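**Q** Quick one: the structure is below, questions incoming.
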Amino acid sequence: MENIKNIAPEVYELIQKEIKRQEETLNLIPSENYVSPAVLEATASVFTNKYVEGYPGKRYYPGCQFADQLEILCSQKAKEVFNLDENWKVHPQPLSGSPANLAIYFGLLEPGEKILSMELTHGGHLSHGYKVHISSKFWSAIHYRVNKNGFIDYDEIEEIAQREKPKIIISGATAYPRIIDFKRFGEIAKRVGAYHLADVSHIAGLIAAGIHPSPFEYADVVMTTTHKTLRGPRSAIIFVRKEIYDKIRRAVFPGIQGGSHQHIICAKTVAFFEALKPEFKEYQKQIVKNAKVLADELIKYGFNLLSGGTDNHLILINLRGVIDASLAEGLLEKANILANRNSVPGDESPFKPTGLRLGTPAVTSRGMKENEMKLIAQWIYRILIKKEDSEEIKYKVIDLCKKFPIYKK
Ligand code: DSN
3 MENIKNIAPE
13 VYELIQKEIK
23 RQEETLNLIP
33 SENYVSPAVL
43 EATASVFTNK
53 YVEGYPGKRY
63 YPGCQFADQL
73 EILCSQKAKE
83 VFNLDENWKV
93 HPQPLSGSPA
103 NLAIYFGLLE
113 PGEKILSMEL
123 THGGHLSHGY
133 KVHISSKFWS
143 AIHYRVNKNG
153 FIDYDEIEEI
163 AQREKPKIII
173 SGATAYPRII
183 DFKRFGEIAK
193 RVGAYHLADV
203 SHIAGLIAAG
213 IHPSPFEYAD
223 VVMTTTHKTL
233 RGPRSAIIFV
243 RKEIYDKIRR
253 AVFPGIQGGS
263 HQHIICAKTV
273 AFFEALKPEF
283 KEYQKQIVKN
293 AKVLADELIK
303 YGFNLLSGGT
313 DNHLILINLR
323 GVIDASLAEG
333 LLEKANILAN
343 RNSVPGDESP
353 FKPTGLRLGT
363 PAVTSRGMKE
373 NEMKLIAQWI
383 YRILIKKEDS
393 EEIKYKVIDL
403 CKKFPIYKK
């Protein structure tokens with residue numbers, strides 16, 4: 003990074019500090035991950051210099067021949083990763099998850115039509131029609147919830163769908179630790195004449211590896227961000243059934259976005275090449291194994307987990323009556339352990355959440371396995387329940403991190 007160092011020393015310093023922070027921190031934020039050196043290289047490639055608007059073969063700028071080939075390759079590889087046939091088309095340009103969802107609604111719904119999605123405090127996402135998201139200005143959202151055991155209540159979804167006749171039903175969540183029954187979602191959507199959008203941002207890597215059931219047979223549109231379990235750059239991608247592809251194509255560009263970010267499309271393509279390797283499947287299996295061990299250990303230490311455990315990469319601890327969730331997040335951060343406070347069912351406001359969300363994609367990328375998960379659970383217990391000094395645990399955390407470097411020197 004000599005060039006950055008010479009031109010912008012303050013920026014260089016910040017990058018160095020961020021490298022050290024990442025290397026010395028146990029990252030349990032379930033939506034974060036570490037990209038490979040190859041994906042980092044692609045993110046910094048000269049494709050960042052190229053303006054492209056439109057689509058391969060129909061651009062609003064000259065000089066797009068290689069950008070076009072890249073975009074076509076990105077779509078092909080994305081389809082291979084999810085084993086899709088000619089009934090599916092890919093839109094590789096969305097900049098991130100929230101604008102991608104907006105484009106889907108914009109393409110498929112008329113103003114005022116209804117979105118049926120998961121309640122925010124029950125694991126849903128802001129961009130699924132929640133009142134502070136722009137989607138709520140154009141469409142009205144109604145929500146389904148999890149039952150008292152923390153599982154999605156499909157009968158309730160069916161009942162709401164029959165009554166409210168939404169135009170789109172969204173499966174997928176930002177904080178749900180269990181298998182999602184996409185087949186059931188698809189059947190309900192079909193019965194009431196709604197589109198089924200599966201937002202698989204959190205679990206796309208697991209789906210690609212065949213560890214979580216795939217939504218494709220039962221959905222009209224599948225959206226995923228690319229930087230979570232999929233371990234690509236910070237971005238998103240949309241898969242659409244060919245009959246309705248044009249509506250969504252136009253909604254992304256020219257509807258919502260301008261020129262796409264070709265260096266990020268380049269990095270997504272590299273990530274898809276990686277996702278097609280056998281090691282990727284092993285990695286995804288280990289994410290789930292690690293999450294199960296972490297969950298079991300936390301239960302042994304007396305923590306109350308939503309739904310009583312996990313089937314995927316994430317865990318939600320209900321801290322109500324135990325410790326304030328913001329305080330818990332802060333105490334763990336002081337020990338260089340990152341887990342984020344999160345709403346859980348029963349919370350009155352998303353600003354006062356009582357849950358803590360943890361996940362294993364990032365620590366698994368470092369090569370950590372079951373034994374390390376046991377250690378991490380013990381540290382969480384010692385900090386949050388035994389009230390041991392976070393600073394003391396921090397040295398142990400740093401030692402462990404040093405044994406599992408993110409980027410080998
Ligand atoms: N912010 C992401 C997450 O943490 O789950 C979802 O967009």
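Counting the sequence shown from 1 gives a position; the working numbering is that position plus 2. Glycine included, C-beta positions come from ideal geometry on N, C-alpha and C. Keep in mind that this is a model prediction, so the values were computed, not measured.
With a threshold of 7 Å (Cβ to nearest heavy atom), would S203 be considered close to the ligand DSN?
**A** Flag set: Cβ of S203 near the ligand DSN.
**Q** Whole angstroms are fine: how far does the CA of Y36 sit from the CA of G260?
**A** About 28 Å.
**Q** Counting along the chain, where does the beta strand (DSSP E) carrying F241 start and finish?
**A** Segment 238–243, the beta strand (DSSP E) holding F241.
**Q** Is DSSP giving A200 helix, strand or coil here?
**A** Three-state result, A200: strand.
**Q** Just the C-alpha distance for H229 and L86, rounded to the nearest angstrom, thanks.
**A** Rounded to whole angstroms, H229 to L86 spans 21 Å at the Cα level.
**Q** Report the option in G114, V148, G131, E25 whose CA atom is closest to the CA atom of S309.
**A** That would be V148, whose Cα lies nearest to the Cα of S309.
**Q** Residues in the same chain with beta-carbon distance under 8 Å from I17, minus the five sequence neighbours each way, listed in chain order, please.
**A** Contacts found: M3, I6.
**Q** Look at the alpha carbon of P39 and the alpha carbon of I266, and state the distance between them as a whole number of angstroms.
**A** Roughly 14 Å separates the two Cα atoms.
**Q** With DSSP as the reference, please indicate the residues paired to G56 in a beta bridge.
**A** Note: G56 sits in a beta bridge opposite R61.
**Q** If we count the other Cβ atoms within 10 Å of its Cβ and call it buried at 16 or more, is Y178 buried or exposed?
**A** The residue is buried, with at least 16 neighbouring Cβ atoms inside 10 Å.
**Q** Within 10 angstroms of its Cβ, does Q71 collect 16 or more other Cβ (buried), or is it exposed?
**A** Answer is exposed; the Cβ neighbour count stays below 16.
**Q** For R384, name the three-state secondary structure that DSSP assigns.
**A** It is helical.
**Q** Whole angstroms is fine: what's the gap from V346's alpha carbon to N314's?
**A** Going by the C-alpha atoms only, they are around 17 Å apart.
**Q** On the three-pair Cβ rule with 8 Å, is the segment 148–161 touching the segment 293–309?
**A** As far as the Cβ criterion goes, the segment 148–161 touches the segment 293–309, which means the pair count is three or higher.
**Q** Could you say which of A69, F84, I136 lies nearest to I239 if we only look at CA atoms?
**A** For I239, the nearest C-alpha among the options comes from F84.
**Q** For the alpha helix (DSSP H) containing A269, name the first residue and the last one.
**A** Element bounds for A269: 264–277.
**Q** Any idea if L122 is buried or exposed, counting beta-carbon neighbours within 10 angstroms, 16 or more meaning buried?
**A** Buried: at least 16 other Cβ atoms inside 10 Å.
**Q** With a threshold of 6 Å on Cβ separation, who are the neighbours of R384 within its own chain once the five nearest residues in sequence on each side are excluded?
**A** So the qualifying residues of the chain are E390.
**Q** When the Cα atoms are used, what is the spatial distance from V48 to L104?
**A** So the two alpha carbons sit approximately 29 Å from each other.
**Q** Check whether the Cβ of H214 lies closer than 7 Å to any heavy atom of the ligand DSN, and answer yes or no.
**A** Incorrect: H214 has no Cβ contact closer than 7 Å to the ligand DSN.
**Q** What is the C-beta distance between L360 and L296, in whole angstroms, given that I count them as a contact (C-beta under 8 Å)?
**A** Indeed, because the Cβ distance is near 7 Å, the residues count as touching under 8 Å.
**Q** Please go through the same chain and pick out, in chain order, the residues whose beta-carbon is closer than 6 Å to the beta-carbon of Y247, but skip the five residues on each side of it.
**A** If we look at Y247 and ignore the five residues flanking it on each side, its Cβ neighbours are K91.
**Q** Enumerate, from N- to C-terminal direction, the unbroken beta strand (DSSP E) stretches of 3 or more residues contained entirely within the segment 104–162.
**A** If we require 3 residues or more, the beta strand (DSSP E) runs fully inside the segment 104–162 come out as 116–120, 142–146.
**Q** With distances taken between CB atoms, is the gap from A143 to I171 smaller than 8 Å?
**A** Result no, Cβ atoms of A143 and I171 do not sit closer than 8 Å.
**Q** At a cut-off of 7 Å, would you count S119 as near the ligand DSN, judging by its Cβ distance to the nearest heavy atom?
**A** No, since every heavy atom of the ligand DSN falls outside the 7 Å radius drawn around the Cβ of S119.
**Q** Does the distance from the CB of L316 to the CB of H214 come in under 8 Å?
**A** It is not a contact, given that the beta carbons lie outside the stated cut-off.
**Q** Going by DSSP, name the residue or residues bridged to R375.
**A** First, the amino acid is wrong: residue 375 is Met here, not Arg. M375 is not bridged to any residue.
**Q** At which residues does the beta strand (DSSP E) containing K91 begin and terminate?
**A** Its beta strand (DSSP E) spans residues 90–93.
**Q** On the premise that V54 lies in contact with S262, defined as a C-beta separation below 8 Å, what is that separation, rounded to the nearest angstrom?
**A** That belief holds up - the Cβ atoms of S262 and V54 are roughly 6 Å apart, short of 8 Å.
**Q** Label R233 either buried or exposed according to how many other C-beta atoms from any shown protein chain fall within 10 Å of its C-beta, with 16 as the threshold for buried.
**A** Buried, because 16 or more other Cβ atoms sit within 10 Å of the Cβ of R233.
**Q** Identify every residue that forms a DSSP beta bridge with I319.
**A** Partner(s): L307, L358.
**Q** Under the three-state reduction of DSSP, which class applies to R233: helix, strand or coil?
**A** Correct three-state label for R233: coil.
**Q** For T176, which of helix, strand or coil comes out of DSSP?
**A** T176 falls in the coil class under three-state DSSP.
**Q** Within the same chain, show all residues whose beta-carbon is closer than 8 Å to that of I432, passing over the 5 residues directly before and after it, in chain order.
**A** Because the chain spans 3 through 411 in this model, residue 432 falls outside it and cannot be assessed.
**Q** Just to confirm, is the Cβ distance from F255 to Q95 under 8 Å?
**A** Yes, these two residues count as a Cβ contact at 8 Å.
**Q** Using the beta-carbon count (16 or more within 10 Å), is L278 buried or exposed?
**A** Classification for L278: exposed.
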